[in-house]
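There are 2 protein chains.
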Amino acid sequence: MSVIMPAGSLTSRERMIRTTALLVRERGIEATSFSDVIEASGAPRGSIYHHFPGGKSQLIAEATEWSGAAIATGLERALAGGDPVAAMHAFIDVWRGVLTETNFDAGCPVVAASVESAANPGAREAAAAAFIAWEEALAGALEESGAEPDRAGSLATLIVAAIEGAIVQCRALRSLDPLDRVERELATGIAAPTG
Amino acid sequence: MSVIMPAGSLTSRERMIRTTALLVRERGIEATSFSDVIEASGAPRGSIYHHFPGGKSQLIAEATEWSGAAIATGLERALAGGDPVAAMHAFIDVWRGVLTETNFDAGCPVVAASVESAANPGAREAAAAAFIAWEEALAGALEESGAEPDRAGSLATLIVAAIEGAIVQCRALRSLDPLDRVERELATGIAAPTG
DNA sequence: GTCTATACGAAGATAGAC
DNA sequence: GTCTATCTTCGTATAGAC
Numbered sequence: 001m002s003v004i005m006p007a008g009s010l011t012s013r014e015r016m017i018r019t020t021a022l023l024v025r026e027r028g029i030e031a032t033s034f035s036d037v038i039e040a041s042g043a044p045r046g047s048i049y050h051h052f053p054g055g056k057s058q059l060i061a062e063a064t065e066w067s068g069a070a071i072a073t074g075l076e077r078a079l080a081g082g083d084p085v086a087a088m089h090a091f092i093d094v095w096r097g098v099l100t101e102t103n104f105d106a107g108c109p110v111v112a113a114s115v116e117s118a119a120n121p122g123a124r125e126a127a128a129a130a131f132i133a134w135e136e137a138l139a140g141a142l143e144e145s146g147a148e149p150d151r152a153g154s155l156a157t158l159i160v161a162a163i164e165g166a167i168v169q170c171r172a173l174r175s176l177d178p179l180d181r182v183e184r185e186l187a188t189g190i191a192a193p194t195g
Numbered sequence: 001m002s003v004i005m006p007a008g009s010l011t012s013r014e015r016m017i018r019t020t021a022l023l024v025r026e027r028g029i030e031a032t033s034f035s036d037v038i039e040a041s042g043a044p045r046g047s048i049y050h051h052f053p054g055g056k057s058q059l060i061a062e063a064t065e066w067s068g069a070a071i072a073t074g075l076e077r078a079l080a081g082g083d084p085v086a087a088m089h090a091f092i093d094v095w096r097g098v099l100t101e102t103n104f105d106a107g108c109p110v111v112a113a114s115v116e117s118a119a120n121p122g123a124r125e126a127a128a129a130a131f132i133a134w135e136e137a138l139a140g141a142l143e144e145s146g147a148e149p150d151r152a153g154s155l156a157t158l159i160v161a162a163i164e165g166a167i168v169q170c171r172a173l174r175s176l177d178p179l180d181r182v183e184r185e186l187a188t189g190i191a192a193p194t195g
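Line order of the protein sequences matches chains W and P.
Throughout the first sequence, residue numbering follows this note's numbering, covering 1 to 195 in sequence.
Throughout the second sequence, residue numbering follows this note's numbering, covering 1 to 195 in sequence.
In structure tokens:
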């Protein structure tokens, strides 16, 4: 890669990774082919194995890693406001946007990586790392705003699991209802933690 | 199909559907081929398009439908005891068994149907029907045991979403921790519903 | 870094015999 | 209801020129 990299531009390699992530969140891993990535990204066909000598496994793993990091960044930005409940609403709003803008065709690429991890161990590892990173960020924010350290971790896992599960349901039902319901229940549960 | 059907036996067609469901929960839809189903079920190759003239789309849709119904049956049986919280624990225990017995290779086939629904509209519809059926059963039981009708529905959605999301995380992490944490949080949340 | 050409296998699907 | 054979398409991956 050249040392000169104008701000805002993307290398062919980066475009391929982003495009792969976008395709995977709609079709899944196995249904996303090199041809699809080439066509959608405009990347040159001959450079696939130059940039990704490990072939599709490597491309998928890197796309999953990129997705996990991108989502983590968005989550951390929301959490920086200091209010975990408000951050959760903002985070859910982003997913609402993804679902409606794609007519419920897109979901979370990290979930796809887990569901189709049998032939993609690298993607599975990247998915695991993503879940851990998201939940650590959430748990830290929950603790800072007064949650018992013992419960912050499990509450963070509940939030991530419920949102991801709701997204899956939204895609199947082609409706935002599951996400709306989960948001409502999570908000009351976090605001009034008992037990 | 013959009229004579000894109890406990399965037709070739039924075996194919069950086997497909088991393969899909491990590999996903796209990574499950006819050859895999033939080999794993022992079904004769020449009968695929006899039983499923709609090809793979039909087989996948029927396998998703069967999975949804099987899980609904298990859930309703657990709920028949009259204690929704106990039923939830029992339900989660079943998933713990699936995860450990398959060394975290298997998840929920209905989730796979949603994630890979782009090329499988029939599977998507079957997944949607499954989610609705599970949540109606849960919501009914929650109402009967005293939950406000208004909240029973959203609580049922939260439970299903959280468990499904936890299963996805368990597969990625190869650990039961996410399911354990979600179970704990759900139990306290249902036992002490505020808001 | 990108190109073309191609090898090679596997997939879903169909036809026609038994 | 099941078999074999085959068609066609598409997938990943590689080789070697530019």
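Using N, Cα and C, we set each Cβ at its ideal position, and we do this for glycine too.
At least one beta carbon of chain W lies nearer than 9 Å to the beta carbon of P:GLU30. In summary, the residues of the segment 93 to 125 of chain P whose CB is separated from some CB of chain W by less than 7 Å are ASP105, GLY107, VAL111, ALA112, SER114, VAL115, GLU116, SER117, ALA118, ALA119 and ARG124, in the order they occur in the chain.
W:ARG174 sits close to W:PHE104, with the two beta carbons spaced by under 9 Å. Not one beta carbon of chain W lies nearer than 9 Å to the beta carbon of P:THR20.
Within 10 angstroms of the beta-carbon of P:ARG77 lie fewer than 16 other beta-carbons, which makes it exposed. In this structure the segment 129 to 144 of chain W does not touch the segment 81 to 99 of chain P; the number of beta carbon pairs closer than 8 Å is below three.
Distance from the CA atom of W:PRO84 to the CA atom of W:SER145, rounded to whole angstroms, is 8 Å. Judged by DSSP secondary structure, P:GLU135 falls within the alpha helix (DSSP H) whose first and last residues are 121 to 144.
Measuring C-alpha to C-alpha distances from W:LEU23 to each of W:GLY82, W:ARG184 and W:ILE60 identifies W:ILE60 as the nearest. Counting along the chain, P:PRO84 sits inside the alpha helix (DSSP H) bounded by residues 84 to 101. Every unbroken stretch of the alpha helix (DSSP H) spanning 4 or more residues and falling wholly within the segment 29 to 71 of chain W is given here in chain order: 34 to 41 and 48 to 51.
Going by beta carbons, P:ALA113 and P:ASN120 fall inside the 9 Å limit.
Pairwise C-beta distances place the segment 152 to 162 of chain W in contact with the segment 161 to 171 of chain P, as three or more of them are shorter than 8 Å.
For the segment 166 to 177 of chain P, the residues whose beta carbon sits under 7 Å from a beta carbon of chain W are, in order, ALA166, VAL168, GLN169, ARG171, ALA172 and LEU173.
Bounds of any alpha helix (DSSP H) do not take in W:GLU116, whose DSSP letter is neither H nor E.
DSSP places P:ASP105 outside both helix and strand once states are collapsed to three, so it counts as coil.
P:LEU10 counts as exposed, since fewer than 16 other beta carbons sit within 10 angstroms of its beta carbon. By the 16-neighbour rule on beta-carbons within 10 angstroms, W:GLU116 is buried. The beta carbon of W:SER41 sits closer than 6 Å to those of ARG15, MET16 and THR19, all from its chain and outside the five residues before and after it, given in chain order. DSSP places P:GLY81 outside any alpha helix (DSSP H), giving it a letter other than H or E.
The alpha-carbon of P:MET88 is positioned some 34 Å away from that of P:SER12. In this structure, the beta-carbon distance from P:ALA21 to P:PRO109 falls below 9 Å.
Taken atom to atom, the span from the alpha-carbon of P:GLY189 to that of P:SER57 is near 40 Å.
Taking a beta-carbon distance threshold of 9 Å, W:GLU185 counts as an interface residue toward chain P.
DSSP places W:LEU10 in the coil class of the three-state scheme, outside both helix and strand. For W:ARG174, there is no enclosing alpha helix (DSSP H), as DSSP marks it with neither H nor E. Not one beta carbon of chain P lies nearer than 9 Å to the beta carbon of W:VAL85. In summary, no residue of the segment 41 to 74 of chain P has a CB separated from any CB of chain W by less than 7 Å. A distance of 9 Å or more separates the beta carbons of W:ARG25 and P:ALA172. Contact with chain W is found for P:THR157, since one of that chain's Cβ atoms lies less than 9 Å from the residue's Cβ. Separation of P:LEU186 and W:ILE48 (C-alpha to C-alpha, rounded to the nearest whole angstrom) is 46 Å. By the rule that beta-carbons nearer than 9 Å mark a contact, W:SER9 does not touch chain P. For a Cβ distance threshold of 7 Å, residue set GLY165 and VAL168 of chain P lies close to W:GLU164, ordered along the chain. With a contact defined as Cβ atoms closer than 8 Å, P:GLY68 and P:ALA141 miss out at about 18 Å.
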